[in-house]
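In what follows, a single structure is set out as structure tokens and then discussed.
Number of protein chains: 2
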Amino acid sequence: MTDATAIPTAAMLAIGDELLSGRTKDRNIGHLADQMTLAGIELKEVRIVADDQDAIVEAVDALSGRYTYVFTSGGIGGTHDDITADAVSAAFGRPCIYNDEAMAILTAHYQRRGVEFTSSRQRMARMPEGAALIENPVSAAPGFIIGNVHVMAGVPQVFEAMLANVLPTLKGAAPVISEAIDCPYGEGDYGALLADIQKAHPQTSIGSYPRFGADGFHSQIVVRARDRSLVEAAASAVREMIVTLERKRG
Amino acid sequence: MTDATAIPTAAMLAIGDELLSGRTKDRNIGHLADQMTLAGIELKEVRIVADDQDAIVEAVDALSGRYTYVFTSGGIGGTHDDITADAVSAAFGRPCIYNDEAMAILTAHYQRRGVEFTSSRQRMARMPEGAALIENPVSAAPGFIIGNVHVMAGVPQVFEAMLANVLPTLKGAAPVISEAIDCPYGEGDYGALLADIQKAHPQTSIGSYPRFGADGFHSQIVVRARDRSLVEAAASAVREMIVTLERKRG
Numbered sequence: 001m002t003d004a005t006a007i008p009t010a011a012m013l014a015i016g017d018e019l020l021s022g023r024t025k026d027r028n029i030g031h032l033a034d035q036m037t038l039a040g041i042e043l044k045e046v047r048i049v050a051d052d053q054d055a056i057v058e059a060v061d062a063l064s065g066r067y068t069y070v071f072t073s074g075g076i077g078g079t080h081d082d083i084t085a086d087a088v089s090a091a092f093g094r095p096c097i098y099n100d101e102a103m104a105i106l107t108a109h110y111q112r113r114g115v116e117f118t119s120s121r122q123r124m125a126r127m128p129e130g131a132a133l134i135e136n137p138v139s140a141a142p143g144f145i146i147g148n149v150h151v152m153a154g155v156p157q158v159f160e161a162m163l164a165n166v167l168p169t170l171k172g173a174a175p176v177i178s179e180a181i182d183c184p185y186g187e188g189d190y191g192a193l194l195a196d197i198q199k200a201h202p203q204t205s206i207g208s209y210p211r212f213g214a215d216g217f218h219s220q221i222v223v224r225a226r227d228r229s230l231v232e233a234a235a236s237a238v239r240e241m242i243v244t245l246e247r248k249r250g
Numbered sequence: 001m002t003d004a005t006a007i008p009t010a011a012m013l014a015i016g017d018e019l020l021s022g023r024t025k026d027r028n029i030g031h032l033a034d035q036m037t038l039a040g041i042e043l044k045e046v047r048i049v050a051d052d053q054d055a056i057v058e059a060v061d062a063l064s065g066r067y068t069y070v071f072t073s074g075g076i077g078g079t080h081d082d083i084t085a086d087a088v089s090a091a092f093g094r095p096c097i098y099n100d101e102a103m104a105i106l107t108a109h110y111q112r113r114g115v116e117f118t119s120s121r122q123r124m125a126r127m128p129e130g131a132a133l134i135e136n137p138v139s140a141a142p143g144f145i146i147g148n149v150h151v152m153a154g155v156p157q158v159f160e161a162m163l164a165n166v167l168p169t170l171k172g173a174a175p176v177i178s179e180a181i182d183c184p185y186g187e188g189d190y191g192a193l194l195a196d197i198q199k200a201h202p203q204t205s206i207g208s209y210p211r212f213g214a215d216g217f218h219s220q221i222v223v224r225a226r227d228r229s230l231v232e233a234a235a236s237a238v239r240e241m242i243v244t245l246e247r248k249r250g
């Protein structure tokens, strides 16, 4: 790490009983991870909790105090089990109110479609007093921002659209540059050698990712840093290591 | 909830920089969730943290004190960035040692294959003093159990094989019974009605899961309980609700 304090950090909180029961397989965590890396923001922690007020409040408290940005997914629909707005309001000590701007957006949306603006639909305008809206181009019902917490939908298409609207407002560092090197050996063959390379290149982060295929373990070694010349120096040391291993085998 | 204290609980801790950078998309959380539901164990929380000793220790401390079982994935390979064994040892205040039984398994495994038992491969036998092994039929290197924490590999094929070995040792409640009902309406149409059904069936958990398709939102409503007659009573109330909505439309 060169200057870790300069790199903005993030956490994600995915909310929903269905993620914990296995009924729904999360697709938002991986997407957020990709987008944070591209933006030069370091995703440090992810939590998944149930639709449970105490669990959500505790996680929002822990994560919002520790990281630059927090992103949540899920629990902002119109039914009784959607309690994210209430829980996030409680975490910030604010009343959960019907937001005027959100009510106006939803009123217009359902008017255009000739659909009744039921009390369930009105629930989707509830958020902490003083929150700012996150636009939802897919299905109108907005997300919201309070403090450093960005509250978004769980449906992946909507989550992704909301995140796309949020990303330009975030302050990211220069993106992390990475280089992936395929390695035909397992970690047992090169672990000690790779540790030496990591020691010799302290400003890079070198990860080793074994995969198990029909022909046993092979690996991908990934070098990451915020400077291209640092990545290139460590990556060529890794490639030299693989050549040396090949010679030993041959 | 009928008697929540009788239902064993679980948490998962997925460990690895690659999950947070987006390079690897987790597949173990969803699998564990499915298996816990089948076993009648309630998965209450999931966390993902980096290959960072402090982060792992903090999460293990928090989760192992709170839930019946904790399952971890990742960070037990043979390279310098695999620090799960050290971190879990630290969390339990035990020295991280080369386990004799694990050393014997690995020695025999590499002997059979005529492959050198390098120092990197030996690292895979390290675990907290007093840990019990979790057999790994895929690639030999075992996981381990210390206290209520089950430490398993990150490679999905190995994680799944280890979990299959662990499952028969866990005490699960009767599995949760669930019924899923397709609903051609969005939450805005039925949210208030569904809240009334939930109130009338307090021993069930009723979830509503909207999906966004080409024709807008439709939903699946899932009723869960530990008793089939409770599920059936609530599910037929939901089906009646849908029929009522259809009549209103028609």
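Top to bottom, those sequences are chains A and B. Just so we're aligned, residue 1 is where the first sequence starts under full-length UniProt numbering, counting upward by one. Just so we're aligned, residue 1 is where the second sequence starts under full-length UniProt numbering, counting upward by one. Each residue gets a CB set at the ideal place from its N, CA and C atoms; glycine is no exception.
query: chain B partners of A/Q53, CB-CB under 8 angstroms?
result: Ordered by position in chain B, no residue passes the 8 angstroms Cβ test against A/Q53, which lies about 14 angstroms from the chain.
Quick check: the stretch 202-222 of chain A against the stretch 13-30 of chain B, are at least 3 beta-carbon pairs closer than 8 angstroms? yes
- Assign B/V60 to one of two classes, buried (16 or more other C-beta atoms within 10 Å of its C-beta) or exposed (fewer than that). buried
Note to self: Tell me which residues share the same chain as A/R228 and place their Cβ nearer than 6 angstroms to its Cβ, disregarding the 5 neighbours each side in the sequence.
What the structure shows: I177
Listed by chain order, chain B residues near A/L43 by CB distance under 7 angstroms: L20
Contacting residues, own chain, Cβ-Cβ under 7 angstroms from B/M1 (five flanking each side not counted): In this prediction, B/M1 has a pLDDT of 37, which is less than 50 and means its spatial position is unreliable; what the coordinates show is noted afterwards. Cβ within range, chain order: n/a, list empty.
- Checking contacts by CB at 7 angstroms: is residue 252 of chain B closer than that to chain A? This structure leaves residue 252 of chain B out entirely; chain B is present only between 1 and 250.
Note to self: Which residues in chain A have a C-beta closer than 9 angstroms to the C-beta of residue 296 of chain B? List them in chain order.
What the structure shows: Chain B is shown only over 1 to 250; residue 296 of chain B falls outside these bounds and no answer can be derived.
Beta carbon proximity, B/D81 to chain A, threshold 7 angstroms
yes
*Looking at the C-beta of B/I146, does it have a partner C-beta in chain A at a distance below 7 angstroms?*
no
Is it right to say A/Q198 is buried, meaning 16 or more other beta carbons lie within 10 angstroms of its own, or is it exposed?
-> buried
Kindly indicate which residue of A/V223, A/D215 and A/E160 has the alpha-carbon position closest to the one of A/V204.
One point to set straight first is that residue 204 of chain A is Thr, not Val, in the sequence displayed. When each option's Cα is compared against that of A/T204, the closest is A/V223.
key: Best match in B/R226, B/E187 and B/A33 for proximity to A/R123 [C-alpha to C-alpha]   = B/E187
(request) Could you check if B/Y67 is buried or exposed, using at least 16 other CB atoms within 10 Å of its CB as the buried criterion? (result) buried
For B/K171, the three-state DSSP class (helix, strand or coil): coil
Fill in: Any 3 or more C-beta pairs closer than 8 angstroms across the stretch 39-54 of chain B and the stretch 42-59 of chain A
yes
- is_contact[A/L194, chain B] using C-beta, thresh 7 angstroms: yes
Decide if the stretch 110-119 of chain B is in contact with the stretch 147-165 of chain B; the criterion is three or more beta carbon pairs, one per stretch, under 8 angstroms apart. no
Notebook entry, point to check: CB B/G143 to CB B/M162, shorter than 7 angstroms?
Noted result: yes
* Can you tell which of B/G216, B/E246 and B/G74 has its C-alpha closest to the C-alpha of B/R28? -> Per the sequence shown, the amino acid found at residue 28 of chain B is Asn instead of Arg. Comparing Cα-Cα distances from B/N28 to each of B/G216, B/E246 and B/G74, the minimum goes to B/G74.
Listed by chain order, chain A residues near B/P210 by CB distance under 7 angstroms
G77 and V155
inquiry  = Here's a check: name, in chain order, each residue in its chain whose Cβ is nearer than 7 angstroms to the Cβ of A/D86, leaving out the five neighbours to either side.
reply    = Q53 and C96
*Give me the Cβ distance between A/L32 and A/F71, rounded to the nearest whole Å; I'm assuming they're in contact under 8 angstroms.*
6 angstroms
How would you write the range of the alpha helix (DSSP H) that A/D196 sits in, first residue to last? E187 to A200
ask   = In whole angstroms, what is the alpha-carbon distance linking A/Y140 and B/A90?
value = The question names Tyr, yet the displayed sequence has Ala at residue 140 of chain A. Straight-line Cα distance between these residues: approximately 49 angstroms.
### Query
Beta-carbon of A/A235 versus every beta-carbon of chain B: anything under 7 angstroms?
no
Next item on the list: Flag this pair as yes or no: are the beta carbons of A/S21 and B/T37 separated by less than 7 angstroms?
Entry: yes
Report task. Go to B/Y110, then tell me how far its alpha helix (DSSP H) extends in each direction, as first and last residue. Result -> D100 to R113
Could you confirm whether any beta carbon from chain A is found closer than 7 angstroms to the beta carbon of B/A11?
no
Checklist entry - Straight-line CA distance for A/A102 to A/G114? => result 18 angstroms
field: Backbone secondary structure at A/G154 - three-state DSSP
entry: coil
Along the chain, where does the alpha helix (DSSP H) that runs through A/V88 open and close? T84 to A91
Worksheet entry | A/G30 versus A/P137, A/Y98 and A/E160, residue with shortest Cα-Cα distance | A/E160
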